[in-house]
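Okay, so the sequence shown: first residue is 110 according to this note's numbering, each after it adds one. One structure is given below, encoded as structure tokens.
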Amino acid sequence: MPTIGNYFHLHLVSDSTGETLITVARAVAAQYANVTPVEHVYPLVRSQKQLDRVLDEIEEAPGIVLFTLLEKDLVGRLEAKCQEINIPSLSIIGPVMQLFQAYLGAPTTGRIGAQHTLNAEYFKRIDALNYTMLHDDGQHVEGLEEADVVLVGVSRTSKTPTSIYLANRGIRTANVPLVPGIAIPHQLETLKKPLVVSLHATPERLIQVRQNRLLSMGAGPGNDDYIDRQVVADEVAFARRLSAKFNWAQLDVTRRSIEETAAAIMKLYTDRQRSRLSE
110 MPTIGNYFHL HLVSDSTGET LITVARAVAA QYANVTPVEH VYPLVRSQKQ LDRVLDEIEE
170 APGIVLFTLL EKDLVGRLEA KCQEINIPSL SIIGPVMQLF QAYLGAPTTG RIGAQHTLNA
230 EYFKRIDALN YTMLHDDGQH VEGLEEADVV LVGVSRTSKT PTSIYLANRG IRTANVPLVP
290 GIAIPHQLET LKKPLVVSLH ATPERLIQVR QNRLLSMGAG PGNDDYIDRQ VVADEVAFAR
350 RLSAKFNWAQ LDVTRRSIEE TAAAIMKLYT DRQRSRLSE
């Protein structure tokens, strides 16, 4: 039986962190609205003994098996067990590596977790994260010129999580709240190096997010203006006026996930970098 009720077992076996597997598996599973995977994640599987435990768990809860293993002996044992108990298995990176090898005509290094090497790109991400945490929510505005991207927006437009996501991609990101009645930092008015992106959402969406936020905090009366329809609409209009005044890029995040928002910002940033190089 492939599923039990609306659930199925999904085994993710990796000789590294398992991040690649999790990302791919969840992207595919999201396309199936009526069934939910029960994830079994096995990172750092690099020995026969470690694989033994994995095979036992797969046999106890049969389901789909996805793996990113480079050691051929481990791959052979895993695939043989899956064939024995009649469940599907697939190497996520195997076909891609074969394609690369056929095109490049060069052998692979076989290095496990090679993408996690402590190289310059890794330290660039760490630096970006440090910068972003230091410049969250309008802090240390004197350092805004050192940013790659500066996000502005009213409360609950996902500035902080988007900033952190961008920092994980190596983009030094600061964020500054826009509050009607409070002057924006003068540093924000004169930025030349960073890309400034103003995040917007409809009043209805902001009210929904803010109500959920208040509920999670157990907040009582006294927050009427925070979720008042007219007050929120005025905030949105204020943010849009500022964006037009300073010619900031604008991005509507009403129906966007954090990942989609970040992807749109990275495209704006890349396009801007290319434009500057061609000047």
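Using N, Cα and C, we set each Cβ at its ideal position, and we do this for glycine too.
Can you give me the Cβ contacts of residue i inside the same chain, cut-off strictly under 6 Å, excluding the 5 residues immediately before and after it?
i	result
A283	H244, L253, A256 and V259
V341	P312, L315 and I316
Y116	T145 and V147
C191	V174 and S198
L238	A276
I196	P171
R319	R265, Y335 and I336
V261	V285, L287 and S307
Could you tell me if residue i is buried or exposed, where buried requires 16 or more neighbouring beta carbons within 10 angstroms of its beta carbon?
i	result
H249	exposed
V154	buried
T379	exposed
D246	exposed
D236	exposed
A211	exposed
I280	buried
V263	buried
D334	exposed
S200	buried
D182	exposed
G214	exposed
V397	Residue 397 cannot be examined here, being either before or after the span of the chain that is shown, 110 to 388.
Going by beta carbon distance, what residues of the same chain come within less than 8 Å of residue i, once the five residues before and after it are set aside?
i	result
L187	V122, L160, V163, L164, V174, F176, L178 and S198
M206	T217
S267	L308, V362, I367 and T370
N143	N115
A134	L119, L121, P146, E148 and L175
M375	L275, R278 and I280
Q339	none
Compare the C-alpha of residue i against each of the options and name the closest.
i	options	result
L308	Q320, I336 and D361	D361
E169	L130, Y240 and H149	H149
E251	G327, P294, T271 and S156	P294
A358	L323, V288, V305 and R319	V305
G185	S156, Y141, Y274 and Q382	S156
K302	P270, P289 and R381	R381
Sequence ranges, beta strand (DSSP E) only - wholly within the region 137-163, length at least 3
145-151
Using 8 Å as the cut-off, can you tell me whether the region 349-357 makes contact with the region 367-374, which would need three or more C-beta pairs spanning the two stretches below that distance?
no
Which ranges does the beta strand (DSSP E) cover as unbroken runs of at least 3 residues, wholly within the region 301-350, from first to last along the chain?
304-309
Taking the runs of the alpha helix (DSSP H) that are 4 residues or longer, which of them lie wholly in the region 229-260?
229-243
Report the residue ranges of all alpha helix (DSSP H) runs contained in full by the region 274-298; include only those spanning at least 4 residues, in chain order.
295-298
Fully enclosed by the region 189-223, which alpha helix (DSSP H) runs are 4 residues long or longer?
203-213
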